[in-house]
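S.K.:
Numbering (the working numbering), first residue to last: 13 to 126.
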């Protein structure tokens, strides 16, 4: 099965990115082919160098695990709007486009939106 997870919210302040990544990790454990597309403020979740208090989740660490068995795509327009370059994101995360999102959407068996 192929799953697409779209995430729009910022990495901190709401728990949508956190919960979307938790779902991605759970699906990967069940051998699902997972693609995460981060757009809007969610692209910040893939930025390197995040420092969070002890005991608090860290979006960077969670995003980093997905490309080991899945795919992390980042909206390029959203990255540009936030001044985030390709050199500032976690290894394995890829700059992407709406055209690629359309292709991944058409190929997905399940689409989840957070």
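The beta carbon of each residue, even a glycine, is placed where N, CA and C say it ideally should be. All figures in this text were calculated on a predicted structure; none of them were measured in a lab.
Using the three-state DSSP reduction, which class does residue 48 fall into: helix, strand or coil?
M.R.: The answer is strand: DSSP assigns residue 48 an E or B state.
S.K.: Using the three-state DSSP reduction, which class does residue 94 fall into: helix, strand or coil?
M.R.: coil
S.K.: Mind reading off the beta-carbon distance from residue 57 to residue 23? Whole number of angstroms is fine, and I expect it under 8 Å.
M.R.: 4 Å
S.K.: I need the straight-line Cα distance from residue 34 to residue 118, nearest angstrom please.
M.R.: 23 Å
S.K.: Rounded to the nearest angstrom, what separates residue 126 and residue 49 at their Cα positions?
M.R.: 10 Å
S.K.: Enumerate in chain order the residues of its own chain whose CB-to-CB distance from residue 46 is below 6 Å, with the five nearest sequence positions on each side excluded.
M.R.: 15, 36, 39, 40 and 82
S.K.: When burial is assigned at 16 or more other CB atoms within 10 Å of the CB, is residue 59 buried or exposed?
M.R.: buried
S.K.: Does DSSP put residue 125 in a helix, in a strand, or in coil?
M.R.: strand
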